[in-house]
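Undergrad:
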Ligand code: AMP
């Protein structure tokens, strides 16, 4: 008898990030799309992560991921190699990162070869990374039932064709407002989401930073989530990845793909994103508990509740 496999398989960048915001700066701190999303998902489900690091990647970071119950056998370490390094800064409303440096390093020659037990994963999240790598992973998970992807401006302009190929093959895309406009050339977000829906994904989740997230299904808004009203955002890095990880981890933990449950997943995604931005790197997630998460989930419910007309 086979046991139920509710693990989420995640591929994406595993990074050392140098980040500056009005509230401070961190140098070569733990980051990367796969890291933020894996840790967010790990609050709900087992996670298998696929990525690559160099010899400079501190062992303590791997130990931290393992302490979260994340299976790190899919992270290759390249002898003599240098880890992916991203540097960015934020100013003003901090809704958009200003990329100062993208050093792909070991990702340039990465050829993901999944451990055999990863290949039966049903829940797959293709976090932000070269869409050609996303496709290589997708080819190795024939039993996937729910596949989601994320991307960013760097790949929209640099690897558009591969990205369109990914979009044909996923059920859900998480994308922010600026990226949705860049991808489609359409300023109006509803029109942009309709176009992206036509590229392939059933659900198009457009993240709008401090203005929440909107999910489009079948050409129409099927859910709108507020963002949590924080008085202070310390570091927005990883908000999108945390959103997607929380969403996927929750869906996998329930095995329920009904529209109502997908809405709950959007709220959990917003919850994880809102916590993540309250500190640099993974610091907030290191001290977060599932009770904190559920408490904020209920706060989200309270702030958007209204009665039907009498
Ligand atoms: P987010 O703030 O959720 O959009 O993602 C931030 C993370 O994306 C950072 O931790 C970076 O290491 C990572 N990142 C930045 N540029 C890229 C890129 N071109 N490909 C993959 N990951 C990236």
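Residue numbers (my numbering): 439 to 748.
Where a beta carbon is used, it is the ideal one built from N, C-alpha and C, also for glycine.
For residue 643, which of helix, strand or coil comes out of DSSP?
TA: Position 205 of the chain shown, counting from 1, holds the residue named residue 643. Strand, per DSSP.
Undergrad: Tell me the rounded alpha-carbon separation between residue 538 and residue 588.
TA: Translated into the one-based positions of the chain shown, residue 538 becomes position 100. Translated into the one-based positions of the chain shown, residue 588 becomes position 150. Residue 538 and residue 588: Cα-Cα distance of roughly 21 Å.
Undergrad: What is the C-beta distance between residue 615 and residue 673, in whole angstroms, given that I count them as a contact (C-beta under 8 Å)?
TA: Here residue 615 is taken as the residue at index 177 of the chain shown, counted from 1. Here residue 673 is taken as the residue at index 235 of the chain shown, counted from 1. Not really, about 20 Å apart at Cβ, beyond 8 Å.
Undergrad: Does the beta-carbon of residue 577, which I'm using as the reference point, lie nearer than 7 Å to any heavy atom of the ligand AMP?
TA: Here residue 577 refers to the residue found at position 139 of the chain shown. No; taking the cut-off as 7 Å, the Cβ of residue 577 has no heavy atom of the ligand AMP nearer than that.
Undergrad: Report the residue ranges of all alpha helix (DSSP H) runs contained in full by the segment 593-619; include only those spanning at least 4 residues, in chain order.
TA: You should have 598-606.
Undergrad: For residue 567, count neighbouring Cβ atoms within 10 angstroms of its own Cβ and tell me buried if that reaches 16, exposed if not.
TA: One-based indexing of the chain shown puts residue 567 at position 129. Residue 567 should be labelled buried.
Undergrad: What residue from 569, 642, 482 and 464 has the CA that sits closest to residue 525's CA?
TA: Within the chain shown, the letter at position 87 stands for residue 525. That would be 464, whose Cα lies nearest to the Cα of residue 525.
Undergrad: Could you spell out the range, first to last residue, of the alpha helix (DSSP H) harbouring residue 695?
TA: Walking along the chain shown from the start, residue 695 turns up at place 257. Careful: residue 695 lies outside any alpha helix (DSSP H) and carries neither H nor E.
Undergrad: Going along the chain, which residues of its own chain have a beta-carbon closer than 8 Å to the beta-carbon of residue 531, five neighbours each way excluded?
TA: Position 93 of the chain shown, counting from 1, holds the residue named residue 531. Cβ neighbours of residue 531 beyond the five flanking positions: 647 and 648.
Undergrad: From 666, 617 and 668, pick the residue whose C-alpha is nearest to that of residue 644; which is it?
TA: For this step, residue 644 is matched to residue 206 along the chain shown. It is 617 whose Cα lies nearest to the Cα of residue 644.
Undergrad: Among 507, 661, 642 and 499, which one has its Cα closest to the Cα of residue 452?
TA: Counting from one through the chain shown, the residue named residue 452 turns up at place 14. Checking every option, the nearest Cα to that of residue 452 belongs to 499.
Undergrad: Can you give the Cα-Cα distance for residue 738 and residue 729, rounded to whole angstroms?
TA: Locating residue 738 in the chain shown gives position 300, counting from the first residue. Locating residue 729 in the chain shown gives position 291, counting from the first residue. The straight-line gap from Cα to Cα measures roughly 14 Å.
Undergrad: Here's the rule: buried if 16 or more other CB atoms are within 10 angstroms of the residue's CB, otherwise exposed. What is residue 709?
TA: The sequence position of residue 709 within the chain shown is 271, counting from 1. Buried, by the Cβ-count rule.
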